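Encoded as structure tokens, the structure appears first; notes follow it.
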Amino acid sequence: MTTPGRFPEPYGQGSGANLADILERVLDKGIVIAGDIRINLLDIELLTIKLRLVIASVDKAKEMGIDWWETDPALSSRARRSELAKENAELRERLAELETGRQEETGRSLETGRRQEADRQREIDRQREIDRQRETDRPHKEAP
-1 MTTPGRFPEP YGQGSGANLA DILERVLDKG IVIAGDIRIN LLDIELLTIK
49 LRLVIASVDK AKEMGIDWWE TDPALSSRAR RSELAKENAE LRERLAELET
99 GRQEETGRSL ETGRRQEADR QREIDRQREI DRQRETDRPH KEAP
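Numbering-wise (the working numbering), the sequence shown opens with residue -1 and increments by one.
Here it is, written out as structure tokens:
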């Protein structure tokens, strides 16, 4: 028989404070859950999965030396900026190398062109000299 003036207590009432206390303790102290899954067939290991789960507050995790989220660009804007700055520096370095190589190549091309032009000019001068020598070596026809 139920009492008409009394309603049943809502689910979880009174346990809220206990849940908060438990959560505070877990985050303060931290908790580690570890497990391995192995799949064998006829004593041949086909698959091993190692599961490790750490539940702790950020401060506690840092105390334990766990701070991977600070260097993950997907999770940290500081890491993202750092990664972008590093990539930018690498690209600037590669660009400088390419420009230096291009300038050297252009310098080599100019030098090669100058050498080729000088060689052509020497060939022309040599051919003129040969032609002059032939002119002087030919017997002159006397005018009648």
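Yeah, the Cβ is synthetic: ideal placement off N, Cα and C, and Gly gets one too. Owing to the predicted nature of the structure, the values given are computational and were not obtained by experimental measurement.
Kindly indicate which three-state DSSP category residue i falls into: helix, strand or coil?
i          : result
residue 29 : strand
residue 64 : coil
residue 73 : coil
Tell me where the alpha helix (DSSP H) around residue i begins and ends.
i          : result
residue 43 : Segment 42 to 53 is the beta strand (DSSP E) holding residue 43; no alpha helix (DSSP H) there.
residue 59 : 56 to 61
So what does residue i bridge to, in DSSP terms?
i           : result
residue 34  : 48
residue 146 : Lying before the first or after the last residue shown, residue 146 is absent from the chain, which here runs from -1 to 142.
Enumerate in chain order the residues of its own chain whose CB-to-CB distance from residue i is below 6 Å, with the five nearest sequence positions on each side excluded.
i          : result
residue 36 : 46
Short of 8 Å in beta carbon distance, which residues of its chain neighbour residue i, apart from the five on each side in sequence? Order them along the chain.
i          : result
residue 51 : 30, 31, 32
Might you give, ordered along the chain, the residues of its own chain that have their beta carbon closer than 7 Å to the beta carbon of residue i, omitting 5 neighbours on each side?
i          : result
residue 48 : 34
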